[in-house]
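A.B. asks: Those protein sequences? They're chains A and B, same order as listed.
Positions 1 to 201 (this note's numbering) are the ones given, in order, by the first sequence.
Positions 202 to 402 (this note's numbering) are the ones given, in order, by the second sequence.
Number of protein chains: 2
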Amino acid sequence: MKDLELQDTLGPEALDQLFLEARSQNGWRDTPVDDATLEQLYDLVKMGPTSANCSPARFVFIRTAEGKEKLAPALSKSNVDKTMTAPVTVLVCHDMEFYEKLPELFPHGDAKSWFTGSPALIEETAMRNGSLAGGYLIMAARALGLDCGPLSGFEADKVEEAFLAGTTWKVNFICNIGYGDPDKVWGRLPRLSFDDACVMV
Amino acid sequence: MKDLELQDTLGPEALDQLFLEARSQNGWRDTPVDDATLEQLYDLVKMGPTSANCSPARFVFIRTAEGKEKLAPALSKSNVDKTMTAPVTVLVCHDMEFYEKLPELFPHGDAKSWFTGSPALIEETAMRNGSLAGGYLIMAARALGLDCGPLSGFEADKVEEAFLAGTTWKVNFICNIGYGDPDKVWGRLPRLSFDDACVMV
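1. Near A341 (chain B), which residues of its chain fall below 7 Å by C-beta distance, leaving aside the five closest residues on each side in sequence?
2. Would you call the region 91 to 108 of chain A in contact with the region 127 to 134 of chain A, where contact means no fewer than 3 C-beta pairs closer than 8 Å?
3. List the endpoints of the continuous beta strand (DSSP E) containing V289 (chain B).
4. Using 9 Å as the limit for Cβ to Cβ distance, is P107 (chain A) near chain B?
5. Anything in the region 246 to 259 of chain B with a Cβ closer than 9 Å to a Cβ of chain A? List those residues in chain order, please.
6. Reducing DSSP to helix, strand and coil, say where L144 (chain A) ends up.
7. By alpha-carbon positions, which one of A:V80, A:W28, A:A74, A:T31 ends up nearest to A162 (chain A)?
8. Name the DSSP bridge partner or partners of F61 (chain A)?
9. What's the C-alpha gap between Y136 (chain A) and I122 (chain A)?
10. CB-CB under 6 Å to K70 (chain A), same chain, minus the five flanking residues each way: which ones, in chain order?
11. Going by the beta-carbon positions, is the gap between R264 (chain B) and V201 (chain A) smaller than 9 Å?
12. Tell me whether W114 (chain A) sits in a helix, a strand or coil according to DSSP, three-state version.
13. Nearest to P351 (chain B) by alpha carbon, out of B:P213, B:L221, B:D209, B:S225?
14. Quick one: any contact between the region 106 to 114 of chain A and the region 32 to 41 of chain A, if contact means 3 or more CB pairs under 8 Å?
15. Chain B partners of A140 (chain A), CB-CB under 7 Å?
16. Going along the chain, which residues of its own chain have a beta-carbon closer than 7 Å to the beta-carbon of T238 (chain B), five neighbours each way excluded?
Here it is in structure tokens:
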């Protein structure tokens with residue numbers, strides 16, 4: 001139970017690790033990532049909020065050479081090396097039948113009925129909330145001291161044929177995970193200013 | 202420049218604050234959130250990765266009674282009270298013409314040309330990366346000691362008519378921000394187990 005004191009802001013080192021100094025990685029150190037760490041990662045990610053707790057995100061953790069070889073032909077050229085050498089490559093997916101779990105995940109009401117027969121709402125909800133979980137994944141990995149290399153340059157149909165055949169899962173994006181090689185990080189790109197991206201009302 | 206030591210995992214209190222003990226809020230304490238905090242929040246969120254640094258997310262921070270009144274008719278009934286009383290209500294938006302900023306944001310190549318004439322790719326990229334930024338917003342707010350109450354129960358066309366007319370921005374979801382009232386938090390809902398949501402390859 002939370003007490004009535006306000007929570008503090010995290011310290012500057014934590015803000016650096018999560019946001020300000022964290023960088024997308026193009027190369028990796030040899031340090032492996034063990035399966036227990038991936039379970040701990042999921043146990044953080046799953047707690048992030050989704051609408052009506054719909055929890056559409058699903059994750060394929062590729063750690064083996066065989067898995068990487070199956071993935072390689074689906075990647076754009078510039079994403080092959082960094083993915084083949086990453087300790088873990090995560091397919092960030094969502095289940096297009098996520099609503100089948102709503103009686104368990106949201107027992108307050110008949111949330112499943114909001115979706116049945118509404119393919120546009122299903123797709124929008126899966127994409128929004130699956131992507132939110134992708135954001136939680138990146139933040140949770142960084143919170144655990146891991147580095148990320150997210151990427152969208154791949155052919156989704158090939159990834160789905162290789163890894164998701166016979167399921168109702170679709171791939172959203174891919175995120176390499178491990179301990180980054182700082183020598184392979186690119187220069188930081190600019191960001192939009194507050195005034196370019198935000199409005200105060 | 203990062204040194205070659207591995208980063209530590211954040212401490213248990215930080216993991217609680219970001220993920221494990223953080224809860225979606227239905228009521229708020231009187232403590233206000235000042236504009237400087239919102240600028241600090243954006244300065245964290247903007248650093249989160251997006252594909253080719255495309256940065257499609259835009260944010261409308263509603264802090265005034267007039268702004269709240271304009272928003273109220275667009276909200277589902279159960280979302281009105283908690284939104285009217287929240288210190289700040291954020292419209293998490295994305296700019297459907299985000300690619301116009303790519304010459305500035307991604308000077309490595311002609312990334313703008315990937316999108317021109319491809320409305321499906323524009324929409325998918327805006328939704329994926331705008332939602333990722335929504336995930337960063339929730340995590341950044343929590344990192345700053347704030348609480349969140351994200352919600353999808355609203356009529357997007359009414360929100361856009363009231364706040365985004367004449368722009369190329371679309372609303373994705375809404376997130377109330379402030380210091381939550383722990384007495385108004387609901388019981389924690391279940392989550393999918395690792396084996397239900399994850400596959401190891």
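We put the CB at the ideal spot given by N, CA and C, even for glycine.
Source: prediction; values computed, not measured.
C.D. replies: Let me lay it out:
1. For A341 (chain B), where only same-chain residues beyond five positions count, the Cβ hits under 7 Å are L242, L245, V246.
2. With the cut-off at 8 Å, the region 91 to 108 of chain A and the region 127 to 134 of chain A touch.
3. That run of the beta strand (DSSP E) goes 289 to 296.
4. Put simply, the CB of P107 (chain A) is near chain B, with a gap under 9 Å to one of its CB atoms.
5. If the cut-off is 9 Å between Cβ atoms, the region 246 to 259 of chain B has V246, K247, M248, G249, P250, T251, S252, A253, N254, S256, A258, R259 near chain A.
6. In the displayed model, L144 (chain A) falls within coil according to three-state DSSP, outside both helix and strand.
7. Closest option to A162 (chain A), Cα to Cα, is A:A74.
8. Answer is A:V90, B:M401, bridged to F61 (chain A).
9. In this model, Y136 (chain A) and I122 (chain A) are separated by some 21 Å (Cα to Cα).
10. Counting only Cβ-Cβ distances below 6 Å, and skipping sequence neighbours, we find A162.
11. Yes, the pair counts as a contact, with Cβ atoms nearer than the cut-off.
12. Helix, per DSSP.
13. By alpha-carbon distance to P351 (chain B), the top candidate from B:P213, B:L221, B:D209, B:S225 is B:S225.
14. Not touching, per the Cβ criterion.
15. Neighbours of A140 (chain A) on chain B, chain order: F220.
16. Once the five neighbours on either side are set aside, the close Cβ partners of T238 (chain B) are L345.
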